[in-house]
Each structure stands twice: as structure tokens, then as C-alpha cells.
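**Q** In the UniProt record's numbering, the protein residues as written are 1 to 846.
(1) Please go through the segment 716 to 774 and give each complete beta strand (DSSP E) segment of 3 or more residues, from N-terminal end onward.
(2) Using CA atoms only, rank isn't needed, just tell me which of 469, 282, 624 and 628 is closest to residue 610.
(3) Does the segment 102 to 113 come into contact with the segment 660 to 680, if we say contact requires no fewer than three beta-carbon pairs (one atom in each stretch) closer than 8 Å?
(4) Quick one: measure Cβ to Cβ for residue 56 and residue 178, integer angstroms, because I've assumed they're closer than 8 Å.
(5) Taking C-alpha atoms, which residue in 301, 405, 213 and 322 lies nearest to residue 258?
(6) Report the rounded CA-to-CA distance for residue 251 versus residue 194, giving the unit in angstroms.
(7) Between which two residues does the alpha helix (DSSP H) holding residue 76 run?
(8) Can you tell me whether residue 213 is helix, strand or coil according to DSSP?
(9) Would you say the segment 295 to 307 touches the segment 355 to 375, given that touching needs at least three Cβ pairs under 8 Å?
(10) Taking buried to mean at least 16 other C-beta atoms within 10 Å of its own C-beta, is residue 244 buried or exposed?
(11) Can the beta-carbon of residue 210 be found closer than 7 Å to that of residue 130?
(12) Can you give the beta carbon distance from residue 785 to residue 792, rounded, assuming they're within the 8 Å contact cut?
(13) Rounded to the nearest angstrom, how far is the Cβ of residue 766 from that of residue 807, given a contact under 8 Å?
(14) Do residue 78 and residue 18 have their C-beta atoms within less than 7 Å of each other?
(15) Alpha carbon to alpha carbon, what distance is there between residue 198 and residue 218?
(16) Could you give the uninterrupted runs of the alpha helix (DSSP H) lying entirely in the segment 119 to 198, keeping only those of 4 residues or more?
(17) Using only alpha-carbon positions, find the residue among 182, 170 and 263 that is nearest to residue 139.
(18) Using only CA atoms, which one of 412, 760 and 658 lies nearest to residue 797?
(19) Which stretch, first to last residue, makes up the alpha helix (DSSP H) that contains residue 296?
(20) Taking C-beta to C-beta, are residue 532 and residue 559 nearer than 7 Å?
(21) Which term fits residue 478, buried or exposed, when burial requires 16 or more other beta carbons within 10 angstroms of its beta carbon?
(22) CB residue 404 to CB residue 694, shorter than 7 Å?
(23) With distances taken Cα to Cα, identify the nearest neighbour of residue 770 among 802, 60 and 87.
(24) Could you pull out every residue in the same chain whose Cβ sits closer than 6 Å to the Cβ of residue 385, ignoring the five residues on either side in sequence?
(25) Just the C-alpha distance for residue 549 and residue 160, rounded to the nearest angstrom, thanks.
(26) Going by C-alpha to C-alpha distance, which of 674, 621, 265 and 639 sits closest to residue 687?
(27) Quick check on the burial criterion: 16 or more other C-beta atoms within 10 angstroms. Buried or exposed for residue 829?
(28) Skipping 5 residues on each side, what residues in its chain have a beta carbon closer than 6 Å to that of residue 507?
(29) First and last residue of the beta strand (DSSP E) that includes residue 810?
(30) Please report the Cβ distance between residue 248 and residue 272, rounded to the nearest whole angstrom; I am assuming they are in contact, meaning their Cβ atoms lie under 8 Å.
(31) Leaving out five residues before and five after residue 62 in sequence, what residues of the same chain have Cβ atoms less than 8 Å from its Cβ?
(32) Around the Cβ of residue 461, are there at least 16 other Cβ atoms within 10 angstroms (buried) or fewer (exposed)?
(33) Is the beta carbon of residue 825 closer than 7 Å to that of residue 743?
(34) Using a Cβ-Cβ cutoff of less than 6 Å, which residues in the same chain neighbour residue 432 once the five nearest sequence positions on both sides are dropped?
(35) Please give the ranges of any beta strand (DSSP E) in the segment 337 to 384, keeping only runs that are unbroken, at least 3 residues long and fully inside the region.
(36) In terms of alpha-carbon separation, which member of 417, 158, 348 and 254 lies closest to residue 480?
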């Protein structure tokens, strides 16, 4: 007869002795603990590799017979017990967390290859940050979206064309677990869409001591269109992107409430999450019965917006009509008008053609805004300057916290015992003085050299394994693969370049002069080999063309095995590369690298950075610990600039990098100069770019001061918040009534000298305002050769006389130096309770 089948679900049940494995695989702590990883690998090495290092899959696929063997393996059980003791002791400290509590919102998180909810730098950074909050026991909870297809897997065709392959994630094979109520019912939230509600399930991912909550719409309660909202990261059209951002923002806050969580600080990691501010506005107005202005005081006081985008076009913005379709109901629900809501995300709310910017919304919902490196902070001041007319970009409150990387995730296992011994016992506590990195100078040169050579051997072995897999090496022929394997050597200076392939990163700059490159890689005395890897966004044709171009060049006979493109870029390959190469190359178009963290990961492993001075390298570069191309452009024409930069790269590799690397002492077999560069890189560079330093900066600069201010605002039934809101309303109402009676400022012939102070006086009719409500100041600026204005000095005038609404402000000003200056006067609202001037950015120039 015909076969008759019934489905049977066989659930795994580990022997009691192995129950710790089940507990471990549900907490991503294992992914930055080398002993835990080694434990899972030893369960079944083949399945470990085939599963992409996913413990959940290992436990599913290993046979009962193997489990019974392990349950009797005393050595394995002893290792398991040791790891579990470490894990339990680590987790026990979670109860010691203190205030303030932080809600951290991000569109993506790169924690491990087993959880595909990331695409690139933003996600990897957010993943590292969560791990550090766990290690430092900071009271933070993450909020994000759970993507069914995550980001794509990369495959290359024989011609070098990128193929994006999307594989559906089986959520059961990830460390995420459903969040259920006391009756076992899955917790969900709803977000209103046109004519319906979109529902989302809440999942929890344990990241050590830190919890990450993810929202997923792909289930039967939603119509097909809404199920697709969490299918792909950054997938679909602008309408789908809007739905994703509504879910992250509005839905994210509702998810926290469904879990009984009310963080003090709301940290928006990029503008995607800014709709969280609207949900908080609804809460304060509908449930807290505060006015719009009072609510905004509290929302802003507890909001922090981190921008990662160095170009204006990179900030998400939506057509007003699309906002009307999806949020048309919102203003009436809180008692404000449509124009007021549009003013939160627009420079000019009356301009219906201007798009609603998520970054403007995030800035308006936050007391503080920061860039992700010193240079990017300055770039961001210019990007957001149009929000604050009357202020120069460099005056803005926008500052920076330079990105860092999670030490335990990115530092090679072979380095950790060497560095732990050198850095001292304090280093293990996650509360250490970064000067401990200087202990690397005490490590014998041979140990440093041997460690670096070992890691390079492991990298080449990993590349050869990938080249042996037809699925990952279709861009090379079998005979080319044989030649590549023969030519790749661990005694050759190896330079790595791996990242997202966007045109501004100038991946092909190295190939400007192929004959010169030929001479470099095939130098008989000092050869060099280059390893490339990286993905281009599926919609970025220009980025994909760069990959194809590199693949084609790497196939030329003279470059075969000297320049290699490794396909299938992911976290696992990224780790191998930053740990195994000798030099990390980076040459973005200035100043388009907001931070860049791959070079920081390399530095943790004693790999020197060679880059344009952009992003983090502006702060990181130290002579004797890497190499740099100048910060300033020499030419405005990008072709000329590329030609100059390429020539500089070639010359630096030939005359400095290769010369130092191959300067080997015949007696010892060591390059002592190269080893000094390695030690300097770890001691002077890596120490400044950990997530430990980064998180400390966020706590000290933002979380703790903002939490203190929030306590002041909310004390005594929000007394101070109400007073500030009322004061702003009064000043706003009277602002246009202020009259300038008279003022004096120097004319072009005025000679400033120590014996001839400048006398400046401003007389204002303040109407119903008090003289202490208004500040007056004189501004000195200068212009550079490109016509850009730079602030030189600001002097506030003193209020000297007040009668019948007329206030006189004056000052005698002694110059700091001579020269040609522009001078201007302006007045502004003044209140000591404001966090900074742009919190209430009215200003009038005379």
C-alpha cells in the first residue's frame, strides 16, 4: 500500500549530568567565553563547524549515544563544571546592578553568527555594547526587532558577481526565548496601522547579565503584509521601513511596559528608534496628565541620541503624506495639532515638501546628541546646524563618545593568557586603569613574535578551508585555488582589508597602478600579500562592482595567491582577519568614516592600522604604532586625491612597512622594530578603544548626569519641570516684543590693545520679561582660507541697570590677541536650569 506518515516531534532531553549545556546555550555569554566555546566544540567538532558555531543546533543534532558517552566522560564533566561555576558566579552579580536604568534602542545587534539580526558596523557596535554592559554590570536593557531572514549570506559567481542568499532563521534554533506571562501566554504588543492593529510577539535574548528584547510580527495574528515587516533588516520600500521604525519606537516602549520596565534613560542608537519619544509623549500626556511642554521637558531630559551617520543623505526621512497615513491619529490623541507634531521632525513644519527626519525627531526628543568619534562629533555639528539658526556649528551642544570594541569578543584566544598576565589581576574585573595595557612592554619579544605568527598561520589555514568549500570559492577555478594555496605563506607580510563595500571606503584605491602593485607583492626580498573580504548592500550596484573588480585582478597570474578575495564575510571570518593579518588597511574618503571599528579590533591583537586620518584613527594614531595618510585633502578633485593617496600607500608599504617587517635579526630570527610597533599598538592605541572605556564615557558624560537632572525635574510632583515649561512659554510669548533701544560695537578701524579695552553696551526694552531672563554677548570670529567661520571668543555682557522694563548690558573687553576678526552681538534666553543653550535655542543677532 501507499506510505502513511504522521509527524512526531522528538524533543531533546539531555542527561542530568549535561543539563548545564542546555542552560549555557540559552545565554550568549558563551560566545565571548573561550572555555565555553571550546566545551561546545568538543561535543562534536564536525557539527560545530557545520552549524556555524551554533550550540542550539549542536544539542539538537548530536546523537543520544554521544550524549551517553559525554555523561560518563569525567574530563568533559570536570570542564563543564568549571565553566558552569564561572557562569553562575558571573550571573549572581546581576542583582548588584544600580541605577540609573537605561533602555537602549537599536535597529540591529551583531552578537553572534547564530543570531542573524545585524548587517554591519551599527549592529556589531550595538552587540559589543550590550556585552560590555553585561561585563560592567550596568543596568541596561536592549530593544530591537527579530528578523526572520536577517541579513544575507554572500556567495560569489565565477565572474565575481555577488549573490545575496537569504535563509529563514528558525527562531527555535537561536538563543531567543518567548516571553510569557504567569499563565504561559506569550506576551505581545500592538501598534496601530491604517484600519488595523499590527501585533508583535516579545522574545528575550540573554546577553550575559543584560537582557535584549526583540519584536517579531511574522505569525498568524497579522495579515501577510504586516508579517513581512520583520522579515528583512532594512528590507522593502520606505513604507515598510516606516512600519519597522514605528514598531521599534512605539512598540519598543510598549514592550518594556508589558514587561513592567520603566528605564530612566532612553538611548536611541541611531534615529530609527526616535518614535519611542512619541510613545513617551503619549504616556506623559494621557496617563501622567502633563501638558505638551511639561512632557517634553521630561522626555528630553532622559533622551540620548547617538548618530552614526557622517553624511546628510544617510539620515532616514519620510514624506509628510506617508506620516499622515500612519500617524494621522496621533496628534489628536494627545491634544496637539498636526503642525506641532511635524515641528518635531522638520526644520520648517510649514513646508509640506520637506521630509520628516528621524534624526531631527531624535535630536528634538533628546537632551544630548553625540557622534561616535571626535571628528564625527564635529561633522555632526555641521549636519545638525540648520536646527539651531543663530549659532555657529562649533557652539552646539553636540559632542562625541568614540566607539570601542569588546575585548573578549575580538581578542584572539592565543593572546588572552599573554595579555592577562601582562595586564595584571585588576584587568579581569572590568574596572581597571587603562594604563595596565602598558604591561605588554614586559612580555618577551619572542613570545610576541610567536603569537603573531601563530595567528597568521591559523588565518591562512581558515582561508584554505574556505577555498576548499565549493560553495565559498566559486569565484576561483580549481587550478587557481591550488596556486593560491601554494602562494599564501605565513612568513610574508600580510595586509588585510575587510568591511562593507561602499564606494566611499575606496576598496580599489590599492589597484590604481597595477605594475607598481605587482612590484610590491612580488618583491623577491620583501614580498607582501593582501587579503580582501566584505559584502556590498544588495541594492548598491557600485559597491558590488568593486568586489567584482578586485576578484578579477586577483585572478591575474601575477597576483594569484598574492591578492585573495575571501567570500562569505561574517563575524567568524572578521575575527580571523583582525587577529591574523599584520597590517589593517583602511582608506575612506575623508570625512565619511564616522568611526570605523575594524581597525580597533585589529589593534587589540597587535595588528597595526594603516589608514587615512578619519573616524577613530584621528584620535588613535601614534607614531611608532601604525601609519597614517593626512587628515586634510590636498585636492578638491577626487581623482587627483585618489591618485595622491594611492601613491602614498605604495610608498609607505615599500619604504616603511615592509622595510621594518623584514628587518630581522639573523641571530634571533626576530624583527625587534616590528615587535616594538606591536607593543606600542597594544599599549598606546588598543587601551583607548575598548567598549569598557566607551561605556564608562556614556555613564559619566550622559547617563548619570541626565538621571540626576531627571530627579531634580520630577521632585515634588514635577515642580521644576513645570516651572521651566512655564518660563519657556513666557519667554516665547514675549520674544518678538523685545526692542533694541541702542547698542555699541567696534567698527572696522577700532584698535584693540591691552590699554584700550573695547566698551560694548546694549540697551533692550524687555517688555514683561525680567532682566535675568535675557543674556547678551559679543562674539569674535575669524574666517579661514575656505571662507568658513570659526569662533574665537565669546564674552557675556553684564546687566548694569534696569528700570521700567529697560535693561542695560555692558562690558569692557580686553583682547586675547590681535588680528582681523568679525564681531557680532546677540541676545538669548537665560536660565541656569537649562542643560545647555540649544535646549531653548531662541537667539537674536543685533
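Quick reminder that beta carbons are idealized off the backbone N, C-alpha and C, glycines included. On a predicted model such as this, the values are computed, not experimentally measured, just so you know.
**A** So, to answer that:
(1) 739 to 744 and 758 to 765
(2) 628
(3) For the pair of segments examined, the segment 102 to 113 was found not to touch the segment 660 to 680: the number of CB pairs separated by less than 8 Å stays below three.
(4) That pair is no contact at about 14 Å.
(5) When the alpha-carbon of residue 258 is set against those of 301, 405, 213 and 322, the nearest one is in 213.
(6) CA-to-CA, the gap between residue 251 and residue 194 works out to about 16 Å.
(7) Start and end: 74 to 92.
(8) strand
(9) yes
(10) buried
(11) yes
(12) In fact, because the Cβ distance is near 16 Å, the residues do not count as touching under 8 Å.
(13) 5 Å
(14) no
(15) 10 Å
(16) 121 to 135
(17) 263
(18) 760
(19) Counting along the chain, the alpha helix (DSSP H) containing residue 296 begins and ends at 292 to 301.
(20) no
(21) exposed
(22) yes
(23) 802
(24) 393
(25) 8 Å
(26) 621
(27) The residue in question, residue 829, is buried, as its Cβ has 16 or more Cβ neighbours within 10 Å.
(28) When the five nearest sequence neighbours on each side are left out, the beta carbons in the same chain lying within less than 6 Å of the beta carbon of residue 507 are those of 501 and 546, in order along the chain.
(29) For residue 810, the enclosing beta strand (DSSP E) starts and ends at 806 to 813.
(30) Their Cβ separation, rounded to whole angstroms, is 6 Å, which keeps residue 248 and residue 272 in contact under 8 Å.
(31) 43, 44 and 47
(32) Using a 10 angstroms sphere on the CB of residue 461, the tally of other CB atoms stays under 16, which defines it as exposed.
(33) Going by C-beta atoms, residue 743 is nearer than 7 Å to residue 825.
(34) 426
(35) 368 to 371
(36) 158
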